[in-house]
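Below you'll find the structure, written out as structure tokens, and then a few comments.
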Amino acid sequence: MTGADYLLPFRTKLRSMRTESFGADPAGARMERIRRSPHFVDGVFQNPVGARTRPSGSTVEFAKIYFHKEQRARRTPTGTVPVHATTLADLAAPPATGLRLTWMGHSSVLAEIDGRRILFDPVWGERCSPFPFAGPKRLHPTPLSLAALGPVDVVVISHDHYDHLDLPTIRALAGTDTVFAVPLGVGAHLERWGVPTSRMHELDWNETATVAGISLTATPARHFCGRGLRNQQHTLWASWAVTGPEHRIYHSGDTGYFPGFRDIGAEHGPFDATMIQIGAYSEYWPDIHMTPAEGMSAHLDLQGGRPHGVLLPIHWGTFNLAPHPWAEPGEWTKDAGEEAGQAVAFPRPGEPFEPAGKLPAEAWWRAVSQPIAHPWRRPRGAESVAETSRGDMDLAGER
266 MTGADYLLPF RTKLRSMRTE SFGADPAGAR MERIRRSPHF VDGVFQNPVG
316 ARTRPSGSTV EFAKIYFHKE QRARRTPTGT VPVHATTLAD LAAPPATGLR
366 LTWMGHSSVL AEIDGRRILF DPVWGERCSP FPFAGPKRLH PTPLSLAALG
416 PVDVVVISHD HYDHLDLPTI RALAGTDTVF AVPLGVGAHL ERWGVPTSRM
466 HELDWNETAT VAGISLTATP ARHFCGRGLR NQQHTLWASW AVTGPEHRIY
516 HSGDTGYFPG FRDIGAEHGP FDATMIQIGA YSEYWPDIHM TPAEGMSAHL
566 DLQGGRPHGV LLPIHWGTFN LAPHPWAEPG EWTKDAGEEA GQAVAFPRPG
616 EPFEPAGKLP AEAWWRAVSQ PIAHPWRRPR GAESVAETSR GDMDLAGER
């Protein structure tokens, strides 16, 4: 670096570092459509309920917890995560009941619904980061390659964070015939990476696209967006309600708990299965990610306030993104399901299951996890998960 380089404005230097993985900002007709959205106010997209999108509390205190040697050890598995070995063979035959889900890790799920194949938030990359040499690294391999996965009818993206929208994965899928359903503004990233606009459905909340007889509706979520240091909040985040001729499913994306789950359930449910974010929560960002207890309450809200269908926990086990122990989301969700009387599937990464069939129920994470405290457990006879208020549920940081 020369002396003259130091005279360059800081913003210019940042732009020069903005590699292709950062994506692209919405512009032109796309930006005009964003400005017309009822959810775009004062130059940014707004949450359905107010939310702090930056960590609260002391940054120093958070850093002490996050980088403490003993705490870091608890956030990783003690051995090899057991990935399902026969995913490809298991997917060869169509689902007998018409609905099958395969959790590929984190929030990536292949849903086979009424003869169609939908891939939610596919991330096959090694790191969720704009750089190949830094950032959270995958804790287990993908169960099978994208090429082996075979044709997909629709790729659904919940929002543009790196652990949900992955450049190498999208590039690979751009070379196929698949269609993409994304929240408003996210199409700018895809277009830069080689996806033609003719293969995109870019939706605002409560808008619906129909692909091959399947309806995909972008529903509200309580989160935020952005891939760069300068986050303009010009791309929307969403959850998704998907309806086929015979089945209904829901994918939460990333979200904090909010009363809107009841409205989504009343409009689009009840669901045969929900895929609910239950990991990467923290007392430092309680508004934008759910604890497992909140995730269980969200599922019950979506189902009209009663146990129904199957809950598939997502957004855990694959990347280290929060201070909680690696296996805590699985353990807590298992307790929450038993307490609520709600069926929960616990597949290994890559293990297909049919919600109407036998559910994978083994606590497989225990074999490769350090001992876990259970601060969320209440004395016998305490109120049910469905009746628990949010104030009683945020217990992850109270150890």
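Using this note's numbering, you'd call the opening residue of the sequence shown number 266 and step up by one each time.
All C-beta atoms in this analysis are idealised placements derived from N, C-alpha and C, irrespective of residue type, glycine included.
Item: What residue from 560, 522 and 564 has the CA that sits closest to residue 530's CA?; Value: 564
Item: Check residue 665 in the structure and name its three-state DSSP category.; Value: Absent from the model: residue 665. The displayed extent of the chain is 266 to 664, so no value can be given.
Item: Which residues bound the alpha helix (DSSP H) around residue 567?; Value: 557 to 567
Item: Going along the chain, which residues of its own chain have a beta-carbon closer than 8 Å to the beta-carbon of residue 466, five neighbours each way excluded?; Value: 444, 445, 446, 447, 474, 476 and 481
Item: Our contact map puts residue 348 next to residue 384 with C-beta atoms below 8 Å; I'd like the distance itself, whole angstroms only.; Value: About 18 Å; that fails the 8 Å criterion.
Item: Return the chain-ordered list of same chain residues with a C-beta closer than 8 Å to the C-beta of residue 338, the five sequence neighbours on each side being excluded.; Value: 635
Item: Got a sec? Which residues, its chain only, sit under 7 Å from residue 316 by beta carbon, not counting five neighbours each side?; Value: 487, 521, 552 and 553
Item: Could you check how far apart the C-beta atoms of residue 372 and residue 579 are, in whole angstroms? I think they sit under 8 Å.; Value: 5 Å
Item: Count Cβ pairs between the segment 555 to 569 and the segment 595 to 604 that sit closer than 8 Å; are there 3 or more?; Value: yes
Item: Pull up the CB-CB distance for residue 352 and residue 367, whole angstroms please, since I reckon it's below 8 Å.; Value: 7 Å
Item: For the alpha helix (DSSP H) that contains residue 671, what are its first and last residues?; Value: Since the first and last residues shown for the chain are 266 and 664, residue 671 lies out of range.
Item: Would you give the residue range spanned by the beta strand (DSSP E) that residue 505 belongs to?; Value: 504 to 508
Item: With distances taken from CA atoms, which of 508, 507, 534 and 595 is nearest residue 546?; Value: 595
Item: Residues bridged to residue 365 by DSSP?; Value: 377
Item: If you run the structure through DSSP and keep just helix, strand and coil, what is residue 541?; Value: strand
Item: Do you know how far the Cα of residue 377 is from the Cα of residue 401?; Value: 29 Å
Item: Just to confirm the assignment, what range does the beta strand (DSSP E) spanning residue 577 have?; Value: 575 to 579
Item: Looking at the strands, I want to know which residues DSSP matches up with residue 588.; Value: In the DSSP output, where bridge partners are listed per residue, residue 588 has none listed.
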